[in-house]
Amino acid sequence: MSPFDKAWSPYAAGILIGLLQIPAFLIIETALGASSSYVTVGAVITGLVDPSLLNIDYVAKHIAANAKNLWQVALVVGIALGAFVSMKLSGAVRAPISPIWTRALGSPSRGLRYAVAFAAGFLMLFGARIADGCTSGHGLSGMAQLSVGSTVAVAAMFAGGIATALLLLRRI
Amino acid sequence: MSSVAVGILSGVLMGMVFGFALEKSRVFEPGMIVGQMQLRNWIMLKVFLSAVATGAVVLAILHGFGFVKLQPKAALYAADIVGGLILGAGIALAGACPGTTLAQIGVGYRDAIFTLLGGLVGAVAFSYAQPWLARSLIGTGPKLIFTDLAGIPYWQGALALAVTIAVILVLIERLRPWRDDLGADVDGNGAEKTSQPRSRLAPAE
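As given, the protein sequences belong to chains A and B, one line each in that order.
Residues in the first sequence are numbered from 604 upward in steps of one, following our numbering.
Residues in the second sequence are numbered from 757 upward in steps of one, following our numbering.
#1: Using 8 angstroms as the limit for Cβ to Cβ distance, is Asp936 of chain B near chain A?
#2: Mind checking if Lys671 of chain A is an interface residue toward chain B, Cβ cutoff 8 angstroms exclusive?
#3: At what residue ranges does the region 848 to 899 of chain B contain a whole run of the alpha helix (DSSP H), taking only runs of 4 or more?
#4: Given 8 angstroms as the limit, is there contact between the region 840 to 856 of chain B and the region 783 to 797 of chain B, that is, 3 or more CB pairs closer than that?
#5: List the residues of chain B that Ser739 of chain A touches, going by C-beta distances under 8 angstroms, in chain order.
#6: Give every residue of the same chain whose Cβ lies closer than 7 angstroms to the Cβ of Gln952 of chain B, excluding the five residues on either side of it in the sequence, and list them in chain order.
#7: Mark Gly851 of chain B as exposed unless 16 or more other C-beta atoms lie within 10 angstroms of its C-beta, in which case mark it buried.
#8: Going along the chain, which residues of the region 714 to 731 of chain A sit with their C-beta nearer than 7 angstroms to a C-beta in chain B?
#9: Alpha carbon to alpha carbon, how far is Trp888 of chain B from Leu728 of chain A?
#10: Mind pulling the chain A residues with CB within less than 9 angstroms of Leu778 of chain B?
#11: Closest to Gln748 of chain A by CA distance: which of B:Gln827, B:Gly878 and B:Ala922 is it?
#12: Please go through the same chain and pick out, in chain order, the residues whose beta-carbon is closer than 7 angstroms to the beta-carbon of Gly764 of chain A, but skip the five residues on each side of it.
#13: With a cut-off of 8 angstroms, does the C-beta of Ala940 of chain B fall near any C-beta of chain A?
#14: Determine the extent of the alpha helix (DSSP H) in which Phe729 of chain A is found, giving its start and end residues.
#15: Which residues bound the alpha helix (DSSP H) around Gly640 of chain A?
#16: Whole-angstrom Cβ separation of Phe774 of chain B and Gly617 of chain A, contact assumed at under 8 angstroms?
#17: Closest to Ile800 of chain B by C-alpha separation, out of B:Ala777, B:Gly811, B:Gly913 and B:Leu818, would be which residue?
#18: Give a yes or no on whether the C-beta atoms belonging to Ala698 of chain A and Lys780 of chain B are separated by under 8 angstroms.
#19: Could you name the residues of chain B that Phe761 of chain A contacts, counting a contact when the two beta carbons are closer than 7 angstroms?
#20: Going by other Cβ atoms of all chains shown within 10 Å of its Cβ, with 16 needed for buried, is Glu785 of chain B buried or exposed?
#21: What is the DSSP secondary structure of Ser750 of chain A, counted as helix, strand or coil?
#22: So Ile764 of chain B and Ala677 of chain A are in contact, right, with Cβ under 8 angstroms, and what is the actual spacing, rounded?
#23: Since Pro933 of chain B meets chain A, which of its residues come closer than 7 angstroms, beta carbon to beta carbon?
#24: Anything in the region 883 to 902 of chain B with a Cβ closer than 8 angstroms to a Cβ of chain A? List those residues in chain order, please.
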């Protein structure tokens, strides 16, 4: 398990991720999560064009410059940095698009992949915000806290994901 | 330092650890996430359940000794089911979740930039619709946790969950060792795996 390895055991990585709940609860008094940050960033950008969006209570709550909101934006920026550092240390080189997409989408077209990715991102965040959490907030944090609602959300998430991957995508 | 500065600094540091672990485990790869959803690759479930079990043990201790308050989300069944299904469909088509999208951008996957943009637009679209959705679909609900329903302390349920997950993971690992799911380029791409036996059938010269 050296920082120069290309792959660690999923158990070691999972334990490391789970341990992040310690600083999250002790320093920020919140649980790990990622999807709220999309509201914070998306609303701040959109607010430049349409300030009326910022009057919605839900939005105001997410763009308040408090520790919790900015912590989560910093967290997702940190995820990109951490993944970049890990990749550089191991010398892994990635193509601009994962080779699985040619098979999954049945086409090598980059334009098609970009369009599907955009639509997928939209669905992901629209759904996560309806459910009030994503794989991190409901999954990692909600299930660890034995939350009833989060367990229902995670079951629905896997049901939706499995149905979509089996019905709409080709076998990778 | 102000609490905002502490939040940003701790967020970046924690995010870097998070991103590092996502990259090392390879779980951020579209091949792993789509593979998991097609039930042919089990690395995502292994990382996910290990993190849940670890979080449960950590919180059992921190909460059991009174250091922290739990922060469960409200149980909103209609929203959890509808939102969860849409989120899951998005995860399968993105080959990513909201957090791993950033890890994909970090390693240079260009389609992940479109996933991120779609995500920002989706979050803004939800924000515009939120006042209406809150009334029509989401509603309000109690912050229910299973141990309250069972009438036992949280730490007992959390440790029981961690033990149950550990047993499940041992069984899954026995059926499917994690190295078998990595793929030749550690991206969960199984194509090389199936093409190797075929090339061996070809004459050596």
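Glycine residues also receive a C-beta, built at the ideal position from the N, C-alpha and C atoms.
Checking against the coordinates, here is how it stands:
#1: As a working mapping, residue 936 of chain B is identified with position 180 in the second sequence. Judged by the 8 angstroms Cβ criterion, Asp936 of chain B is not in contact with chain A.
#2: As a position in the first sequence, residue 671 of chain A is number 68, starting the count at 1. Cβ-Cβ to chain B under 8 angstroms: yes for Lys671 of chain A.
#3: List check, alpha helix (DSSP H) in window: 854 to 863 and 867 to 889.
#4: By the Cβ criterion, the region 840 to 856 of chain B is in contact with the region 783 to 797 of chain B, since at least three pairs of Cβ atoms, one from each stretch, lie closer than 8 angstroms.
#5: Your numbering for residue 739 of chain A matches position 136 in the first sequence. Here the neighbours are Cys853, Pro854 and Gly855.
#6: To locate residue 952 of chain B, count along the second sequence from 1; it is residue 196. Interpretation of Gln952 of chain B is limited by its pLDDT of 46, a score under 50 that renders its predicted location unreliable; no figure is taken from the coordinates.
#7: Residue 851 of chain B sits at position 95 when you count from the first residue of the second sequence. With 16 or more neighbouring CB atoms inside 10 Å of its own CB, Gly851 of chain B falls in the buried class.
#8: Answer set for the region 714 to 731 of chain A: Arg716, Tyr717, Val719, Ala720, Phe721, Ala722, Ala723, Gly724, Phe725, Leu726, Met727, Leu728, Phe729, Gly730 and Ala731.
#9: Stepping through the second sequence from its first residue, residue 888 of chain B is reached at position 132. Stepping through the first sequence from its first residue, residue 728 of chain A is reached at position 125. Pairing Trp888 of chain B with Leu728 of chain A, the inter-Cα distance amounts to about 17 angstroms.
#10: Taking the first residue of the second sequence as 1, we reach residue 778 of chain B at position 22. Within 9 angstroms Cβ-Cβ: Ala616, Ile620, Ile682, Gly685, Ala686 and Ser689.
#11: Translated into positions along the first sequence, residue 748 of chain A becomes position 145. Of the listed residues, the one whose Cα sits closest to Gln748 of chain A is B:Gln827.
#12: Translated into the one-based positions of the first sequence, residue 764 of chain A becomes position 161. No residues qualify anywhere along the chain.
#13: Numbered from 1 along the second sequence, position 184 holds the residue referred to as residue 940 of chain B. So, not an interface residue.
#14: Here the question's residue 729 of chain A lines up with position 126 in the first sequence. Counting along the chain, the alpha helix (DSSP H) containing Phe729 of chain A begins and ends at Arg713 to Ala734.
#15: Stepping through the first sequence from its first residue, residue 640 of chain A is reached at position 37. What sits at residue 640 of chain A in the sequence shown is Ser, not Gly. Run containing Ser640 of chain A: Ser639 to Val652, per the alpha helix (DSSP H) assignment.
#16: Residue mapping note: residue 774 of chain B aligns to position 18 of the second sequence, counting from 1. Residue mapping note: residue 617 of chain A aligns to position 14 of the first sequence, counting from 1. With 8 angstroms as the limit, Phe774 of chain B and Gly617 of chain A do not qualify as a contact, their Cβ atoms being about 12 angstroms apart.
#17: Taking the first residue of the second sequence as position 1, residue 800 of chain B is located at position 44. The displayed chain sequence assigns Met, not Ile, to residue 800 of chain B. Measuring from the Cα of Met800 of chain B, the nearest candidate turns out to be B:Ala777.
#18: As a first step, residue 698 of chain A must be located in the first sequence, where it is residue number 95. As a first step, residue 780 of chain B must be located in the second sequence, where it is residue number 24. In this structure, Ala698 of chain A sits away from Lys780 of chain B, with a CB-CB distance that is not shorter than 8 angstroms.
#19: For the purposes of this step, residue 761 of chain A is identified with residue 158 of the first sequence, where counting begins at 1. Result: Gly844.
#20: Position 29 of the second sequence, counted from the start, is the residue given in the question as residue 785 of chain B. By the neighbour-count definition (other C-beta atoms within 10 Å, threshold 16), Glu785 of chain B is a buried residue.
#21: Within the first sequence, the letter at position 147 stands for residue 750 of chain A. Assigned with DSSP and collapsed to three states, Ser750 of chain A falls in strand.
#22: Walking along the second sequence from the start, residue 764 of chain B turns up at place 8. Walking along the first sequence from the start, residue 677 of chain A turns up at place 74. Here Ile764 of chain B really is in contact with Ala677 of chain A; their C-beta atoms are around 5 angstroms apart, less than 8 angstroms.
#23: Within the second sequence, the letter at position 177 stands for residue 933 of chain B. Under a criterion of Cβ atoms nearer than 7 angstroms, no residue of chain A is adjacent to Pro933 of chain B; the nearest Cβ is some 10 angstroms distant.
#24: Those would be Ser883, Tyr884, Gln886, Pro887, Leu889, Ala890, Leu893, Ile894, Gly897, Lys899, Leu900, Ile901 and Phe902, in chain order.
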